[in-house]
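The structure under discussion appears below in the form of structure tokens.
2 protein chains.
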Amino acid sequence: MKKKAVILLSGGMDSVTLLALAIKQGYQCHALSFRYGQRHSVELTAAKRITSSKGVEHKIIDLDLSRFGGSALTDTHIDVPTTPSEGIPLTYVPARNTVFLSIALAWAEVLEARAIFIGVNAVDYSGYPDCRPEFIQAFEKTANLATKAGIEGDKFKIHTPLINMTKADIILTGHQLGVDYSQTVTCYQADNNGKACGVCDACLLRKKGFEDAGCKDTTRYSV
Amino acid sequence: MKKKAVILLSGGMDSVTLLALAIKQGYQCHALSFRYGQRHSVELTAAKRITSSKGVEHKIIDLDLSRFGGSALTDTHIDVPTTPSEGIPLTYVPARNTVFLSIALAWAEVLEARAIFIGVNAVDYSGYPDCRPEFIQAFEKTANLATKAGIEGDKFKIHTPLINMTKADIILTGHQLGVDYSQTVTCYQADNNGKACGVCDACLLRKKGFEDAGCKDTTRYSV
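Protein chains in written order, with the numbering used here: chain R, 1 to 223; chain W, 224 to 446.
Structure (structure tokens):
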């Protein structure tokens, strides 16, 4: 029987590459996405299309983090920045990765999966505190104290295969695995068809990744 | 200005006592509850009644953990046990406290609250792994690595004032603070009016608490 894994899948280029990597590593994958009040919820359409095409089980969980606000991604009163910022950017969503990993842990425990994959990246990480290795290690320890499985000695592992990759590394890895990046949505303010603005932080990082990788940028831009 | 705190409030006797303690300690309290697919969602009516009467801000977040199942509390195909079990009981909801604390952390970061109160109890804890002090410590460490506030040195603290109390201690503390336990819902299968079954694990622990405290049990039972 295949080992099971829960894959946090936003529908962006990192998490789609992550899913391809986990499949390549032989995991039976269960993809988890969130409708959390994000501006760019069209990313969920991308996520659904990709899991359908691969025959991967996919759950989209509703959890409205815009009830709290505090981020340009969930509060329409805060504009998405169009220039790279110093420090932690306005697009940081408070405790988002902790929340997503916790819910992934809940599903993993029920599935008896012991692997959770998250596409965090500490190189091009834009200053998000919850993308750092020390956060991931602390969460993994917490997960194993929190759960029946952890207590019984059958421990969870949080897999972060992209954590030390540049965006260019991720793109080159994805190309080897046959990922079609035109189908992924990275832009923080993508339109309803999944076309990217081309100017937000996320678009700038993505563009630079294709340039650095020397690959054609197949992103669909609205301008 | 008062210090702010996020209080995880189920509407049961422990969390209602917790709220009374946090108010007594001078915190400006923000109560957080979850409609998570629990059988006994009537507890939310109790929570709302209590926060309204105290003028405390209260958010109820929808997060359907029954999408995953795996617990007698969220899966109607699994009966609620009526005899105390050995080990971790069927009413354990996978990773529930990790999920609830994570979402409390998200709200706390936006509110600029640095205190999060949770009514876990390691004495009468029924074998739940996520009620143990080592879990709480690990979560607190994770919270401070996950967030902007933690990085900037203004650290979060997870408060667990009930952790070493017996149910009787909790009841005596609540009586001193004027808590009306007839308004709280503990039962895992309470009816729509909040009346308790009197036979589930949670009811048995509650009954014993009143006996040990030598107090009149004001719980409303359906039989």
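Think of the CB as a built atom: it goes at the ideal place given N, C-alpha and C, for glycine as much as any other residue.
Practice task
With 9 Å as the C-beta to C-beta threshold (strictly closer), list the residues of the region 61 to 72 of chain R near chain W in chain order.
Solution key: Within the region 61 to 72 of chain R, the residues whose Cβ lies closer than 9 Å to any Cβ of chain W are, in chain order, 61, 62, 63, 64, 65, 67, 68, 69, 70, 71.
Practice task
Please confirm if the region 240 to 252 of chain W is in contact with the region 310 to 318 of chain W, defined as three or more CB-CB distances below 8 Å between the two stretches.
Solution key: Of all C-beta pairs linking the region 240 to 252 of chain W to the region 310 to 318 of chain W, fewer than three are shorter than 8 Å, placing the two stretches out of contact.
Exercise for the section: Note down, in chain order, every chain W residue with its Cβ under 8 Å from the Cβ of residue 142 of chain R. Expected result: Listed along the chain, the chain W residues whose CB falls inside 8 Å of the CB of residue 142 of chain R are 321, 358, 361, 362, 364, 365.
Problem - Cβ of residue 227 of chain W within 8 Å of any chain R Cβ - result: Interface with chain R (8 Å Cβ-Cβ cutoff): residue 227 of chain W is excluded.
Problem - Distance between residue 175 of chain R and residue 105 of chain R (C-alpha atoms, nearest Å) - result: Residue 105 of chain R and residue 175 of chain R: Cα-Cα distance of roughly 29 Å.
Exercise for the section: Give a yes or no on whether 8 Å exceeds the smallest Cβ distance from residue 94 of chain R to chain W. Expected result: For residue 94 of chain R, the answer is yes, since a Cβ of chain W falls inside 8 Å of its Cβ.
Problem - Span separating the alpha-carbon of residue 20 of chain R from that of residue 156 of chain R - result: If you take the alpha carbons of residue 20 of chain R and residue 156 of chain R, they lie about 21 Å apart.
Handout entry: Segment contact flag, the region 435 to 446 of chain W with the region 383 to 395 of chain W, C-beta cutoff 8 Å, min 3 pairs
Key = Three or more pairs of CB atoms, one per stretch, sit closer than 8 Å, so the region 435 to 446 of chain W contacts the region 383 to 395 of chain W.
Problem - Cβ-based neighbour list, residue 100 of chain R, same chain, cut-off 7 Å, excluding 5 preceding and 5 following - result: A distance below 7 Å between beta-carbons, with the five flanking residues on each side excluded, links residue 100 of chain R to the following residues of its chain, in chain order: 8, 34.
Problem - Test item: CB-CB of residue 368 of chain W and residue 135 of chain R under 8 Å - result: One thing to note: residue 368 of chain W has its Cβ within 8 Å of the Cβ of residue 135 of chain R.
Exercise for the section: Identify which residue in R:207, R:209, R:201, R:194 has its Cα closest to the Cα of residue 234 of chain R. Expected result: The displayed coordinates of chain R run from 1 to 223. Any statement about residue 234 of chain R would go beyond what the structure contains.
Exercise for the section: Rounded to whole angstroms, what's the CA-CA distance from residue 288 of chain W to residue 415 of chain W? Just pull it up for me. Expected result: Cα to Cα, the separation comes out at about 20 Å.
Problem - Closest Cα partner of residue 267 of chain W within the set W:283, W:279, W:278, W:277 - result: When C-alpha distances from residue 267 of chain W are compared across W:283, W:279, W:278, W:277, the shortest belongs to W:283.
Exercise for the section: Can you say whether residue 280 of chain W is buried or exposed, counting buried as having 16 or more other CB atoms within 10 angstroms of its CB? Expected result: Here residue 280 of chain W is exposed: its Cβ has fewer than 16 other Cβ atoms, across all protein chains shown, within 10 Å.
Practice task
Would you decide whether residue 109 of chain R is buried or exposed? Buried here means 16 or more other CB atoms lie within 10 Å of its CB.
Solution key: Residue 109 of chain R comes out buried.
Exercise for the section: Go ahead and label residue 224 of chain W buried or exposed: buried means 16 or more other beta carbons lie within 10 angstroms of its beta carbon, across all protein chains shown. Expected result: Looking at its Cβ environment, which holds fewer than 16 other Cβ atoms inside 10 Å, residue 224 of chain W is exposed.
Exercise for the section: Would you kindly work out how many angstroms separate the C-alpha atoms of residue 246 of chain W and residue 185 of chain R, rounded to a whole number? Expected result: Between the alpha carbons of residue 246 of chain W and residue 185 of chain R lies a distance of about 45 Å.
Problem - chain R contact for residue 247 of chain W (CB, 8 Å cutoff) - result: Not one chain R Cβ lies under 8 Å of residue 247 of chain W.
Exercise for the section: Can you tell me which of the three DSSP states residue 222 of chain R falls into? Expected result: Coil at residue 222 of chain R, not helix or strand.
Practice task
Would you check if the region 373 to 388 of chain W and the region 335 to 344 of chain W touch, i.e. whether three or more CB-CB distances between them fall below 8 Å?
Solution key: Yes, they touch.
Practice task
Compute the Euclidean distance between the alpha carbons of residue 96 of chain R and residue 16 of chain R, then round it to the nearest angstrom.
Solution key: Going from the Cα of residue 96 of chain R to the Cα of residue 16 of chain R covers about 19 Å.
Handout entry: Nearest-angstrom Cα separation, counted from residue 179 of chain R out to residue 53 of chain R
Key = C-alpha separation (whole angstroms): 12 Å.
Practice task
Return the chain-ordered ranges of every alpha helix (DSSP H) run that is complete within the region 238 to 292 of chain W and spans a minimum of 4 residues.
Solution key: DSSP runs (the alpha helix (DSSP H)) wholly in the region 238 to 292 of chain W: 266 to 277.
Exercise for the section: State yes or no: is the C-beta of residue 345 of chain W within less than 8 Å of the C-beta of residue 374 of chain W? Expected result: Cβ distance not < 8 Å, so residue 345 of chain W and residue 374 of chain W don't count as in contact.
Handout entry: Which listed residue (W:295, W:270, W:293, W:371) has its alpha carbon closest to that of residue 127 of chain R
Key = Sorting W:295, W:270, W:293, W:371 by C-alpha distance to the C-alpha of residue 127 of chain R places W:371 at the top.
Exercise for the section: Measuring only between beta-carbons, confirm whether residue 279 of chain W sits less than 8 Å from chain R. Expected result: Not one chain R Cβ lies under 8 Å of residue 279 of chain W.
Exercise for the section: Give the straight-line distance between the Cα atoms of residue 203 of chain R and residue 183 of chain R, rounded to the nearest whole angstrom. Expected result: In this structure, the CA atom of residue 203 of chain R is about 15 Å from the CA atom of residue 183 of chain R.
Practice task
Identify the contact partners of residue 304 of chain W in chain R, using a Cβ-Cβ distance below 7 Å as the criterion.
Solution key: Close partners of residue 304 of chain W in chain R (Cβ separation under 7 Å) are lacking, with about 15 Å as the shortest Cβ gap.
Handout entry: residue 8 of chain R - DSSP class collapsed to helix/strand/coil
Key = When DSSP states are grouped into helix, strand and coil, residue 8 of chain R belongs to the strand group.
Practice task
Answer with buried or exposed for residue 286 of chain W, where buried requires no fewer than 16 other C-beta atoms within 10 angstroms of its C-beta.
Solution key: Classification for residue 286 of chain W: buried.
Problem - CA-to-CA distance, residue 198 of chain R to residue 70 of chain R, given in whole angstroms - result: Just so you know, the alpha carbons of residue 70 of chain R and residue 198 of chain R end up roughly 24 Å apart.
Practice task
Output the distance between the C-alpha atoms of residue 430 of chain W and residue 304 of chain W, rounded to the nearest integer angstrom.
Solution key: The C-alpha of residue 304 of chain W is placed about 16 Å away from the C-alpha of residue 430 of chain W.
Practice task
Kindly list, in the order they appear in chain R, the residues whose Cβ is closer than 8 Å to that of residue 373 of chain W.
Solution key: Neighbours of residue 373 of chain W on chain R, chain order: 129.
Practice task
Could you tell me whether the Cβ of residue 313 of chain W comes closer than 8 Å to any Cβ of chain R?
Solution key: So, not an interface residue.
Practice task
Please report the residue range of the alpha helix (DSSP H) in which residue 393 of chain W lies.
Solution key: Taken as a continuous stretch (DSSP letters only), the alpha helix (DSSP H) holding residue 393 of chain W covers 390 to 399.
Exercise for the section: Give a yes or no on whether the minimum CB-CB distance between residue 103 of chain R and chain W is below 8 Å. Expected result: At a cut-off of 8 Å between C-beta atoms, residue 103 of chain R counts as an interface residue with respect to chain W.
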